[in-house]
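Mapping to our numbering: the sequence shown position 221 is 226, numbers consecutive.
In this text, a Cβ means the ideal position worked out from N, Cα and C, and glycines have one as well.
None of the values given here were measured: they were computed from a predicted structure.
One structure is given here, and the rest of the page talks about it.
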Amino acid sequence: MAADYKTPGVYVEEISKFPPSIAQVETAIPAFIGYTEKAQKIKVGDLLNKPTKIGSIAEYVELFGSGAKPKVINVTLDDSNNFKSATLSNQFYLFDSLRLFYANGGGDCYIVSVATYDTAGFTASEFTDDGKGIKSLETVDEPTILVFPDNSLLSTGNHYYDVYQAALLQCGKLMDRVGVFDVKRTDPLGVDFRQGIGVNNLSYGMAYSPWLVVNMPKTIGYRDFQNVLFKETVSTTLSGLTTEAAIQAQITALEQVMVDGDLVKAATNTLKAAKPSIRERFNELEATYKGAKTTANVQNLVSFLFDVARQLDTLISAGAGALTNLGFKTDIATQVTSTWKPIFGTLISHDKELAAKINAYSTRFDKPVVPTAAEWGGIFVVATSPAESVIIQASAISVADKLDQMFPSLRTVFEDINATWTGSVVNAVAKLESDRHAGLLQSSSIYKTIITGIQNTDTNIPPSGAVAGIYAFVDRTRGVWKAPANVSLSNVIRPNDSFTASQLDALNVDVNAGKSINAIRSFTGKGTLVFGARTLAGNDNEWRYVSVRRFFNMVEESTKKASEQFVFEPNDANTWVKIQAMIENFLNTLWRVGALQGGKPEQAFYVAVGLGKTMTPLDILEGRMIIEIGMAVVRPAEFIILRFSHKMAES
Numbered sequence: 006m007a008a009d010y011k012t013p014g015v016y017v018e019e020i021s022k023f024p025p026s027i028a029q030v031e032t033a034i035p036a037f038i039g040y041t042e043k044a045q046k047i048k049v050g051d052l053l054n055k056p057t058k059i060g061s062i063a064e065y066v067e068l069f070g071s072g073a074k075p076k077v078i079n080v081t082l083d084d085s086n087n088f089k090s091a092t093l094s095n096q097f098y099l100f101d102s103l104r105l106f107y108a109n110g111g112g113d114c115y116i117v118s119v120a121t122y123d124t125a126g127f128t129a130s131e132f133t134d135d136g137k138g139i140k141s142l143e144t145v146d147e148p149t150i151l152v153f154p155d156n157s158l159l160s161t162g163n164h165y166y167d168v169y170q171a172a173l174l175q176c177g178k179l180m181d182r183v184g185v186f187d188v189k190r191t192d193p194l195g196v197d198f199r200q201g202i203g204v205n206n207l208s209y210g211m212a213y214s215p216w217l218v219v220n221m222p223k224t225i226g227y228r229d230f231q232n233v234l235f236k237e238t239v240s241t242t243l244s245g246l247t248t249e250a251a252i253q254a255q256i257t258a259l260e261q262v263m264v265d266g267d268l269v270k271a272a273t274n275t276l277k278a279a280k281p282s283i284r285e286r287f288n289e290l291e292a293t294y295k296g297a298k299t300t301a302n303v304q305n306l307v308s309f310l311f312d313v314a315r316q317l318d319t320l321i322s323a324g325a326g327a328l329t330n331l332g333f334k335t336d337i338a339t340q341v342t343s344t345w346k347p348i349f350g351t352l353i354s355h356d357k358e359l360a361a362k363i364n365a366y367s368t369r370f371d372k373p374v375v376p377t378a379a380e381w382g383g384i385f386v387v388a389t390s391p392a393e394s395v396i397i398q399a400s401a402i403s404v405a406d407k408l409d410q411m412f413p414s415l416r417t418v419f420e421d422i423n424a425t426w427t428g429s430v431v432n433a434v435a436k437l438e439s440d441r442h443a444g445l446l447q448s449s450s451i452y453k454t455i456i457t458g459i460q461n462t463d464t465n466i467p468p469s470g471a472v473a474g475i476y477a478f479v480d481r482t483r484g485v486w487k488a489p490a491n492v493s494l495s496n497v498i499r500p501n502d503s504f505t506a507s508q509l510d511a512l513n514v515d516v517n518a519g520k521s522i523n524a525i526r527s528f529t530g531k532g533t534l535v536f537g538a539r540t541l542a543g544n545d546n547e548w549r550y551v552s553v554r555r556f557f558n559m560v561e562e563s564t565k566k567a568s569e570q571f572v573f574e575p576n577d578a579n580t581w582v583k584i585q586a587m588i589e590n591f592l593n594t595l596w597r598v599g600a601l602q603g604g605k606p607e608q609a610f611y612v613a614v615g616l617g618k619t620m621t622p623l624d625i626l627e628g629r630m631i632i633e634i635g636m637a638v639v640r641p642a643e644f645i646i647l648r649f650s651h652k653m654a655e656s
């Protein structure tokens, strides 16, 4: 619209001549969905089922912890006490799959923690319920690949396939992502997989087999193999492998600390009462109090704080549940006198003040069980207990007012208790076990041999994490239109299974339903290669290949985002020309880099929009602008056929 000029002078107008451009969206941003050690940014559990973007293993460890230790099933030594073999089983796979993702060229990705190692239920509902797992990603636009390394842990009923079917449903609904699936380790030929995966939205799924044999760094300690040690076929103990008294004493000390670690863990579990941490248990009791500021609720909270003293009293006692390592027990007893006694002395003072100023309140420090260790100095005995504090002011009339004045002091005491329990008890026993382990490694060649042997033992892992890394690598170096196949895998020793020629035929071409499974194969002199490039819609001439499916996803999503600026623009020829030119320029660029097949642009793609072309007058009246886009995407040369024949000699 021309400006309404009224004052004489010179005016400048800038006229837009070029169409807008389309920016290509990211194509290899996977979302790893599974179990993690923790899920914490600020407080425990605040990242559960919260898609979180990371760019490195270091970021993952900071937010989600490390990998779970493998389960040592057995360790076998020969008659000379040399390491012979070990059998390991991974308990969780997400962390190692992420390491393979980065080792094979991965970059940014999302993590969705559905549960922690301690709380994992191994059910499909953890992955598929509203707001959880897959569903939590519906509102996150960036992920383009869904990966489920821990799905093989779901062994109940049809849960394994329920997760994959839910993933395919979301991929088909959003049309901007695909799923990379693992065939079960016990089903390398995919017979059960093909039966269980269904038939819906198969073009959005890619399956890979077999599992991979890897040797990832792992932390192993004595407690991991203590009870599964064999000398040839006879069960034995670490102490029984040596006659050196000094070594045996070190082993005994380490075993005592391990027992003490279990006692501390049990005490901590009792205190946190099924919550993720002691702090979370306190927060729960605090929330209950704030919901109803009653004497009973405060008594429950104060009793919880005194329960810590009772657990400490048990640990340093001479009865059941007492610490077994004399040095550690002495350290804790000394800390009771120097550190814990003042903390609980303050709490007893607050407890007595509450009892003195609130009629319905009765002291908690002297009931139901009174700590009796001499190190407490008699503070839990009524006659020698500390005097009541002076926190509650005379101006506080109601019970709620009195409780509110005391509560900040109770929280201060809790912070001291929580910090001291964590540092002086939980972390201390863990460090002591680590130190004993390190000392035994230095002094015992047998122990070092066993630890080294277990660390060098191979484990199996599903291939999806490594394949997602290959997707990212190929997209970055060649383009999303290049099939992510005939590419070697890094940090992989070999495939867990090898296939015959007929088995490879059956994997690649499923004559029953077209559910192709991409084989991972070992080639002499080349290593381990991904050697399949098909989607689960292997009999579909349109969506047979992974690269075609993912290229269409990229173009569709990129064009969709760029076209949003035209919503509510006039549905006339001026707008049609702009949007057509924008899309044609984008596709022309892709054609020039080899993504589209054709000697000329018009042979590689077409874009049509306009009245009488793609729209009727009724479409325009009803607000529809219809744009038709056709693309001749390059397809992989899956079968290279060399035809030889004899030729008669001519000279």
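Cα separation between residue i and residue j?
i    : j    : result
A327 : Q261 : 11 Å
I422 : I337 : 14 Å
V375 : I384 : 10 Å
E643 : A637 : 17 Å
R555 : S90  : 43 Å
D146 : E380 : 59 Å
G126 : Y40  : 10 Å
A312 : G266 : Residue identity check: residue 312 is Asp in the sequence provided, not Ala. Those two C-alpha atoms are separated by around 19 Å.
S282 : K178 : 39 Å
D123 : T351 : 34 Å
F591 : E547 : 22 Å
G519 : V639 : 21 Å
G210 : L626 : 39 Å
A314 : L276 : 11 Å
Y107 : V49  : 27 Å
Just grab the DSSP bridge partners of residue i for me.
i    : result
A171 : DSSP output for A171 lists no bridge partner at all.
R526 : L534
M630 : In the DSSP output, where bridge partners are listed per residue, M630 has none listed.
M211 : V185
Y115 : A36, K58
V638 : L601
I150 : P35, V183
M620 : L616
T92  : N79
I466 : L217
K236 : L82, V239
Near residue i, which residues of its chain fall below 7 Å by C-beta distance, leaving aside the five closest residues on each side in sequence?
i    : result
I252 : S448, S449
L437 : V262, F333
V233 : V77, I78, N79, V80
G444 : Q255
V387 : D371
T733 : Since the first and last residues shown for the chain are 6 and 656, residue 733 lies out of range.
Comparing C-alpha positions only, which one of the options sits nearest to residue i?
i    : options                : result
N54  : Y16, S141, I588, L82   : S141
R539 : N491, K565, N496, V582 : N491
T529 : P500, S469, T621       : P500
M630 : F610, L446, W581       : W581
Y550 : L534, G532, N523       : N523
S214 : N206, F198, L207, S208 : F198
P413 : I402, E291, I525       : E291
R286 : V269, N432, S308       : S308
I632 : F571, I645, W596       : F571
G203 : A278, S495, Q398, L541 : L541
D515 : L494, N544, I498       : N544
S394 : V418, I363, S21, H355  : H355
Whose C-beta lies closer than 8 Å to the C-beta of residue i among residues of the same chain, with five residues either side of it excluded?
i    : result
T344 : T425, S429
Ignore the nearest five residues each way along the sequence and tell me which others in residue i's own chain have a CB closer than 6 Å to its CB.
i    : result
I634 : V612
W596 : P606, A609
G615 : W581
Mind checking residue i: buried by the 16 CB within 10 Å criterion, or exposed?
i    : result
A600 : buried
S559 : First, the residue type needs correcting, since residue 559 is Met and not Ser in the sequence shown. M559 should be labelled buried.
L105 : buried
T457 : exposed
D510 : exposed
M653 : exposed
F573 : exposed
Y294 : buried
Y452 : buried
Y165 : buried
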